[in-house]
Structures are given as structure tokens and as C-alpha cells.
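Novice: Chains as they are written, first to last, in our numbering: chain A, 1 to 223; chain B, 1 to 246.
Here's a structure for you.
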Amino acid sequence: MKSILNYSSLSKKYVMAVAGIFLMTFLVVHLAINLCLLRNDDGEWFNAAAHFMGTNYIVKFFEIFLFLGILIHVLLGVILQIQNWMARPVAYKSASKSTTSFLSKYMIYTGFVVFVFLIIHFMNFYFMKMGWVEPTFTLNGEEPDFYLVAKALFANNLYSIIYIVLITVLGFHLNHAFQAAFQSLGLNHPVYTPIIKKFATIYSILIVVGFNIIPVYFLFCNA
Amino acid sequence: MNLTLEIWRQESPKAKGKFETYKVQNISADCSFLEMLDILNESLIDKVQLPINFDHDCREGICGMCSLYINGRPHGPDDEVTTCQLHMRKFKDGDTITIEPWRSKAFPVIKDLMINRNAFDQIIQAGGYVSVTTGGVPDANSIPVNREDAELAMDAAACIGCGACVAACKNASAMLFVAAKVSQFALLPQGKIEAKDRVKAMVAKMDELGFGNCTNTYACEAECPKGISVSNIARMNREFLCANVK
Numbered sequence: 001m002k003s004i005l006n007y008s009s010l011s012k013k014y015v016m017a018v019a020g021i022f023l024m025t026f027l028v029v030h031l032a033i034n035l036c037l038l039r040n041d042d043g044e045w046f047n048a049a050a051h052f053m054g055t056n057y058i059v060k061f062f063e064i065f066l067f068l069g070i071l072i073h074v075l076l077g078v079i080l081q082i083q084n085w086m087a088r089p090v091a092y093k094s095a096s097k098s099t100t101s102f103l104s105k106y107m108i109y110t111g112f113v114v115f116v117f118l119i120i121h122f123m124n125f126y127f128m129k130m131g132w133v134e135p136t137f138t139l140n141g142e143e144p145d146f147y148l149v150a151k152a153l154f155a156n157n158l159y160s161i162i163y164i165v166l167i168t169v170l171g172f173h174l175n176h177a178f179q180a181a182f183q184s185l186g187l188n189h190p191v192y193t194p195i196i197k198k199f200a201t202i203y204s205i206l207i208v209v210g211f212n213i214i215p216v217y218f219l220f221c222n223a
Numbered sequence: 001m002n003l004t005l006e007i008w009r010q011e012s013p014k015a016k017g018k019f020e021t022y023k024v025q026n027i028s029a030d031c032s033f034l035e036m037l038d039i040l041n042e043s044l045i046d047k048v049q050l051p052i053n054f055d056h057d058c059r060e061g062i063c064g065m066c067s068l069y070i071n072g073r074p075h076g077p078d079d080e081v082t083t084c085q086l087h088m089r090k091f092k093d094g095d096t097i098t099i100e101p102w103r104s105k106a107f108p109v110i111k112d113l114m115i116n117r118n119a120f121d122q123i124i125q126a127g128g129y130v131s132v133t134t135g136g137v138p139d140a141n142s143i144p145v146n147r148e149d150a151e152l153a154m155d156a157a158a159c160i161g162c163g164a165c166v167a168a169c170k171n172a173s174a175m176l177f178v179a180a181k182v183s184q185f186a187l188l189p190q191g192k193i194e195a196k197d198r199v200k201a202m203v204a205k206m207d208e209l210g211f212g213n214c215t216n217t218y219a220c221e222a223e224c225p226k227g228i229s230v231s232n233i234a235r236m237n238r239e240f241l242c243a244n245v246k
């Protein structure tokens, strides 16, 4: 099998797009679980969902693809970007005045911010789930109580503000990513493409509002 | 009009270039951009200085020879025109105009504003043709072509290969050019026969020549003097996927 690094530029983009779509689908599942935090039930639903995600074999199976997806998406994103920088060794003196989609120009930077967020997120939650980090709160003394972990993190205003900013940057990344994934896979249509672009905006706004409503709730309503 | 021009001067492909400032005076607003440069060159020749090298040929907007990155836009501040059809009325008296060559690893500077676009020829040579056996001319309409496909193929074929797409793209990607050339054949029955080999060969050549990768910013479409749509890029993405899967 040919190494993924030797794929043609178009094939790399297909892989980027497919991995991206998979990650975007996962975000919806993640959001649904996070919204359980808003229930005033001392984390019953949220912990049940976290337990399910941590133990269910089908979820564990898809978890492999999730990590592969992140890895490949990041790796290819960086490779493509380096090639792109190399393709123009001498820069223009005048700044580009071409009409382009604004967010599309900053994908590597918004992507980097999302990657930093992922690292913080893994250190706070995933490492605890894997037992690599001692849980700060536990249910029945063993399993981490992610509801209390999340609540404690969001009790820190600085953490909440950073969270809100990083999720908003994720929204910028998704807004372009969603419609670009379809274009990369060759799915462009005079009628459906404008609909996909609108849906991309709606999707990214829903993700940003959906995830950010939780720290806002903890900042103002649950202080 | 009196104008200040900042122009890239580079003696040879390997020489280190730099911007030089020139003043031009009494330029008519009805003058074309290239005529303005001709006037400047005449004055340089009068002063026994080397004139500025720039590409041009038909000056009718169809040959694809003129280039020039003017004030941050390939072919300057007008939409859907080539540099030769850009007129000085698009500028204001007293403006400073920065003129640069197309910047891309695959388009090395030959001299001043003149670049080597041979990379495009190499992509065409890789597959941008229909193989024909010589013989009598076939009857017109012997192969039925859907009118809609004929229109789309004609739109793609409007590409003059000027390279503005590469110049505009932040990644110096040639996707719009290659996509237009792939599309004009892929849409027609005559081109379908070699469609798979063509798209594979042309994409491989494009990658080999060091053009950047498409990140769907669509600056190419915005700057294309012939208004080639990025839907052609999607078509090439489809063609390439199908060619490699089947």
C-alpha cells in the first residue's frame, strides 16, 4: 500500500474531508452529551452518558476511528499547508485584495487553536477516563465523576472564558470546513451548494452556541 | 494622470530582484494599462535605460499572455478582464501602483515581470488533449451532444491559461486551470474515452511541478478573467475519485 504521504494532492484532500466529516458528526454526539450538564440532576444523566461512552463496545470501536481521524486530519493538514507555503517561495509585496471566503484563509491557524484545545481537553477528561491521571472527583470511590470535574473546571472563570473563546474559534474552523469538505469530495451543485453553505453556517453557530451555553450557565446560573 | 509605479525589476532568473519606483506623467484615462507601460518603456529607452520586460501578445484579452499582479490583484482592479483590457480610468490621478510578476514556485521569473508558464504546457502535454487518428473529417452532429453539457464544456474551454488562478491563490494552486482543462473534455463524448487516464496524468503532473494544494478559498474564481467557475474543481475532484476507484 502506498503511504498516505505519497498520495496525490486530491487524495489527501479526500481523506481530510472524510475525516473532517466524521469528526463533525462526532461533535454533534459530544454536544448532546454535554447538554446533559444543564439538567439539574447532580450529573445523573451526564455521568450515565459518560459511562456509556467509556464502556460500550460499539463506541470503543468507533473511538479507534475517532483518534485515527484526528491524527490523519491534523497530519495531512500540516503537510498540505507546508507544501502550500513552499509553492510560493517569494511573497507578494501588496496584500491580496482578491474576494475570498475570509475564514478559509486561516484554517491552519484556527486548526492549531482547536488542536491546543484538544490537548487541554484530553488532559482534563480523557486521561482521567483512561486512568492515566488521578480523578479529582469520583463516583463510588473509583469511576471519575465527570459531572463534578466539569463543574469544578467551569467554576474557574478564567477556564470558562478560555473555553468560550476556543470553542468560538472551532466554530470559525467548522464554518469553512463543512462546505469545503463537500467541494473537496466533488459534491458541488448549483442548487444544493448554496444550501450546504447556509447549513454550514447554521451548524457552526449551533456548535458554538450549544457548547458555550454550558460555561455560561455555570458562570451565571450555577455560581 | 500622473502616477507613481513600483515595479519589480529582476535582471535574470537567478538574479536578486528589487522594486524600483518610476513616475509617469500625462497618462490618458483611456489608455490601457499595457499602453501606459509602453509609454514608460519609451521614456526609459530615451534615457538609455533598460525597458521593463512584461508579457503581452494579442492585447484583445484572449491569448492569455499578459499577466501582472497589480495592487494585490492578478490583472488589476477590474473584474473578468485581462491586464491588456484594464484601463487607466480604473485608477485615480496621483495613485501609487505596485506591479509584481505572478508569484509561484512553478512560474519562475525570467526577467522583470515576465514569468515562465511552461508548467501549464507540461500539464496539457500530460493529458490535456483528445487522441485522434488522422483521416477524413467526421460529419458534424454525428456524435450527439447534450446542449447543457456543450455549454458547460464551452465555459470551461474559455480558460486562456493566463495563470491568474495560480497568482491569486494563497497556495499558488493550479486547480482551477487543471479543472477547466479536465472539464472541457470530461463533459463531451469525445473526451470521455480517455477521461480517467487524462485526469490522473494531469493531476500527477500538477503535483510534480510544485503547485500548491487547493484549500477552497475560491480566490481563483474571483480573479479568473474568463469567469471559470470552481464547480469545475468539484468536477475534477469527482473525475479523479472515480478514475482511482473504478
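From the three backbone atoms N, C-alpha and C, an ideal C-beta is built for every residue, glycine too.
The structure displayed is predicted, hence computed values, not measured ones.
Got a sec? Which residues, its chain only, sit under 6 Å from valine 59 (chain A) by beta carbon, not counting five neighbours each side?
Specialist: Result list for valine 59 (chain A): Met53, in chain order.
Novice: So, are the CB atoms of cysteine 169 (chain B) and cysteine 220 (chain B) less than 7 Å apart?
Specialist: Yes, the pair counts as a contact, with Cβ atoms nearer than the cut-off.
Novice: Using only the alpha-carbon positions, how far apart do serine 8 (chain A) and proline 77 (chain B) sit?
Specialist: Their Cα atoms are separated by approximately 34 Å.
Novice: Just to confirm before moving on: does the CB-CB distance between glycine 69 (chain A) and alanine 19 (chain A) stay below 7 Å?
Specialist: Yes, they are a contact pair.
Novice: Judging by CA-CA distance, which residue of B:Ala150, B:Thr133 and B:Gly135 is the nearest neighbour of asparagine 141 (chain B)?
Specialist: Among B:Ala150, B:Thr133 and B:Gly135, the Cα nearest to that of asparagine 141 (chain B) is on B:Ala150.
Novice: Could you list the residues in the stretch 203-224 of chain B with a C-beta less than 8 Å from some C-beta on chain E, going in chain order?
Specialist: Within the model displayed, chain E is absent; protein chains A and B are what it includes.
Novice: So, at 6 Å on beta carbons, what are the nonlocal neighbours of serine 184 (chain A) in its own chain, with the 5 sequence-adjacent residues on each side left out?
Specialist: Within the same chain, serine 184 (chain A) has close Cβ partners Lys13 and Ala17.
Novice: Helix, strand or coil: how does DSSP classify leucine 118 (chain A) here?
Specialist: Looking at leucine 118 (chain A) - three-state DSSP - the assignment turns out to be helix.
Novice: Examine chain B for any beta-carbon lying closer than 7 Å to the beta-carbon of leucine 10 (chain A), and answer yes or no.
Specialist: Leucine 10 (chain A) counts as touching chain B.
Novice: Please list the residues of the stretch 112-131 of chain B that have a C-beta atom closer than 9 Å to any C-beta atom in chain A, keeping them in chain order.
Specialist: Per Cβ criterion, the list is empty.
Novice: Taking only beta-carbon positions, decide if arginine 39 (chain A) is within less than 7 Å of chain B.
Specialist: It does not; no Cβ of chain B falls within 7 Å.
Novice: Between which two residues does the alpha helix (DSSP H) harbouring phenylalanine 220 (chain A) extend?
Specialist: Run containing phenylalanine 220 (chain A): none; DSSP gives neither H nor E here.
Novice: Count the other C-beta atoms from every protein chain shown that fall within 10 angstroms of the C-beta of lysine 181 (chain B), then say buried if there are 16 or more, exposed otherwise.
Specialist: Buried.
Novice: Using 8 Å for Cβ pairs, my map puts lysine 151 (chain A) next to glutamine 179 (chain A). What's the rounded Cβ distance?
Specialist: About 36 Å separates the two Cβ atoms, so there is no contact after all.
Novice: Could you name the residues that DSSP lists as bridge partners for methionine 114 (chain B)?
Specialist: Paired residue(s): B:Lys111.
Novice: Is methionine 1 (chain A) helix, strand or coil by DSSP?
Specialist: Bear in mind that the predicted position of methionine 1 (chain A) carries a pLDDT of just 47, short of 50, making it unreliable; the figure below should be weighed with that in mind. Three-state result, methionine 1 (chain A): coil.
Novice: Could you list which residues in chain A have their beta carbon closer than 8 Å to that of phenylalanine 91 (chain B), in chain order?
Specialist: Result: empty, since nearest Cβ-Cβ is about 14 Å, beyond 8 Å.
Novice: When the Cα atoms are used, what is the spatial distance from lysine 200 (chain B) to glutamate 239 (chain B)?
Specialist: Cα-Cα distance, rounded: 9 Å.
Novice: Tell me, to the nearest whole angstrom, how far the beta carbon of phenylalanine 65 (chain A) is from that of phenylalanine 102 (chain A); I am working on the premise that it is less than 8 Å.
Specialist: Their Cβ separation, rounded to whole angstroms, is 32 Å, which puts phenylalanine 65 (chain A) and phenylalanine 102 (chain A) out of contact at 8 Å.
Novice: Checking 7 Å against the spacing of the C-beta atoms, do methionine 114 (chain B) and asparagine 26 (chain B) come in under that value?
Specialist: Not in contact: methionine 114 (chain B) and asparagine 26 (chain B) (Cβ atoms no closer than 7 Å).
Novice: Taking 7 Å as the CB-CB limit, is arginine 198 (chain B) close to chain A?
Specialist: Taking Cβ atoms only, chain A never reaches closer than 7 Å to arginine 198 (chain B), which makes this a no.
Novice: Between methionine 1 (chain A) and chain B, is the shortest Cβ-Cβ distance under 7 Å, so that the two count as touching?
Specialist: Its pLDDT being 47, under 50, methionine 1 (chain A) is placed unreliably by the model, and the measurement read from it follows with that caveat. Answer no: the Cβ-Cβ gap between methionine 1 (chain A) and chain B never drops below 7 Å.
Novice: Taking just the CA atoms, how far does leucine 148 (chain A) sit from valine 114 (chain A)?
Specialist: The straight-line gap from Cα to Cα measures roughly 24 Å.
Novice: Let's test the definition: count the other Cβ atoms within 10 Å of the Cβ of asparagine 2 (chain B) and tell me whether it reaches 16, buried, or not, exposed.
Specialist: The residue is exposed, with fewer than 16 neighbouring Cβ atoms inside 10 Å.
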